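Chemist:
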Amino acid sequence: MPTDWYQLNQSLNSTATTSKTSTTTTTNEISTQSQIKQKQKSKFQKFATTVAGGHRKGQELNQLYWPEGIFIDNEKAIYVADSYNHRIVKWKLNSNEGQIIAGGNGRGNQNNQLNYPTNIIFDKGNNSFIISDYMNRRVIRYFDQNQTNQQILISNIDCYGLTIDKNGLIYVSDYVNNEVRRWKQGDKKGELVAGGNGQGNHLNQLNGPHNIFIDDDYSLYISDQNNHRVMRWKKGAKEGEVVAGGNGLGNSLKQLHQPQGVIVDHLGQIYVADCWNHRIMRWCEEKEEGELVVGGNGLGKQLNQLSFPTGLSFDNDGNLYVADYYNYRIQKYKKT
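So the sequence shown is numbered by UniProt numbering: it starts at 1 and just counts up by one.
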């Protein structure tokens, strides 16, 4: 629960004048902190710009077919796990079509093939892409501009979400085993860091973990899809804490419905792709309910609507990108 900054300690044996001064000072400090945080909170245009896809479903270079995970590099190129085209596509800034950087050779398990990839991350240490090749039950590494130089990192895992920490350790959500493991180079089994206690809704359990995010303090955020909540597992914790949703399936500001993408900004505010509610929500630490960021205007294909959003990412200017799954496009919401 959030700390109640306004609750005063009634046991202080101060004089009335001292208490009044202390209370006034404390209140002013709280007010100032709150005002600063409100000023810093990001706002986004409600109407998006389509920056990849948007030409119905298909396999042409200007099309996408069920986009899932995304990330944006420092040049604002967009990398998309184009899941049903079984490929990873890079869209350069202001480009009208993408460039295939992995897969794209039909559905399969050969070195140059993928089978419903769901996420992609970039490993700066090895200058390589790491891909969750979901239906092939493997995590693979592709080196930039070299599709044939592929390395299988992890096998026999129902890998959905991927993230990487500042030390280059890889985290993978296992959708079927309801757990998240951390892997370093050469690991055979990885280290369990969340879940792993069977399917369920207790704080030490997960139910269909999807996308994941790791912050600089090594706190792990998990879209616990079938529990309709986002969990945060601090480093070394034996159980998580609910930081978004967790109030049953629904569409109120306290609820989520099959959450997918999750990312955290520099203020520690949590952004969630509330997939079946066709909206992006934001949860702040001191709040018991979320706030609508974009979408939330019903299922649709207008520029202020979404259709089952999945992946989320920020660029280096703080603009928000959303993989709009059933609209076969990537939407950019400019920070205002």
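All residues carry an ideal CB built from backbone N, CA and C; glycine is no exception. Remember, it's a predicted structure, so these values are computed and weren't measured experimentally.
Within its chain, find whatever has a CB closer than 6 angstroms to the CB of Ile140; leave out the 5 residues flanking it on each side and keep chain order.
Modeler: Ile131, Asp133, Gln150 and Ile152
Chemist: Inspect the CB distances between the region 154–169 and the region 183–191 and report whether three or more fall short of 8 angstroms.
Modeler: yes
Chemist: Could you name the residues that DSSP lists as bridge partners for His249?
Modeler: In the sequence as displayed, the identity of residue 249 is Leu instead of His. In the DSSP output, where bridge partners are listed per residue, Leu249 has Leu256.
Chemist: Quick one: complete beta strand (DSSP E) runs, 3+ long, within the region 137–222?
Modeler: 138–143, 146–155, 159–164, 170–174, 179–183, 191–195 and 209–214
Chemist: Are Leu162 and Val193 close, meaning C-beta to C-beta below 8 angstroms?
Modeler: no
Chemist: If I measure Cβ to Cβ from Asn247 and keep anything under 7 angstroms in the same chain, skipping five residues before and after, which residues do I get?
Modeler: Lys254 and Gln255
Chemist: Give, in chain order, every unbroken run of the beta strand (DSSP E) that is at least 3 residues long and sits entirely within the region 281–321.
Modeler: 291–295 and 309–314
Chemist: For Arg329 and Leu203, what's the separation of their Cα atoms in angstroms?
Modeler: 35 angstroms
Chemist: Rounded to the nearest angstrom, how far is the Cβ of His257 from that of Trp276, given a contact under 8 angstroms?
Modeler: 4 angstroms
Chemist: Given that a residue counts as buried once 16 or more other Cβ atoms are within 10 Å of its Cβ, and exposed if not, what is Ser22?
Modeler: Residue confidence is low: Ser22 scores 42 on pLDDT, short of 50, so the model does not pin down where it sits. Its coordinate-derived value is still stated next. Within a 10 Å sphere around the beta-carbon of Ser22 sit fewer than 16 other beta-carbons, which makes this residue exposed.
Chemist: Out of curiosity, what's the CA-to-CA distance linking Asp217 and Val322?
Modeler: Computed Cα separation, rounded: 25 angstroms.
Chemist: According to DSSP, is Gln40 helix, strand or coil?
Modeler: helix
Chemist: Less than 8 angstroms separating the beta-carbons of His55 and Gln63?
Modeler: yes
Chemist: Report all residues from its chain with a CB closer than 6 angstroms to the CB of Arg229; omit the five preceding and five following residues, and keep chain order.
Modeler: Val242, Gly245 and Gly246
Chemist: Give me whichever residues DSSP pairs with Phe71 in a beta bridge.
Modeler: Tyr79
Chemist: How would you write the range of the beta strand (DSSP E) that Asn119 sits in, first residue to last?
Modeler: Pro117 to Asp123
Chemist: What are the boundary residues of the beta strand (DSSP E) that Ser132 is part of?
Modeler: Ser128 to Asp133
Chemist: Does DSSP put Tyr326 in a helix, in a strand, or in coil?
Modeler: helix
Chemist: Label Lys39 either buried or exposed according to how many other C-beta atoms from any shown protein chain fall within 10 Å of its C-beta, with 16 as the threshold for buried.
Modeler: Low confidence applies to Lys39: its pLDDT is 48, below 50, so where it sits in the model is not reliable, and the reading given next is rough at best. So Lys39 counts as exposed.
Chemist: Going by CA-CA distance only, name the one from Val89, Leu93 and Asn85 that's closest to Lys76.
Modeler: Leu93
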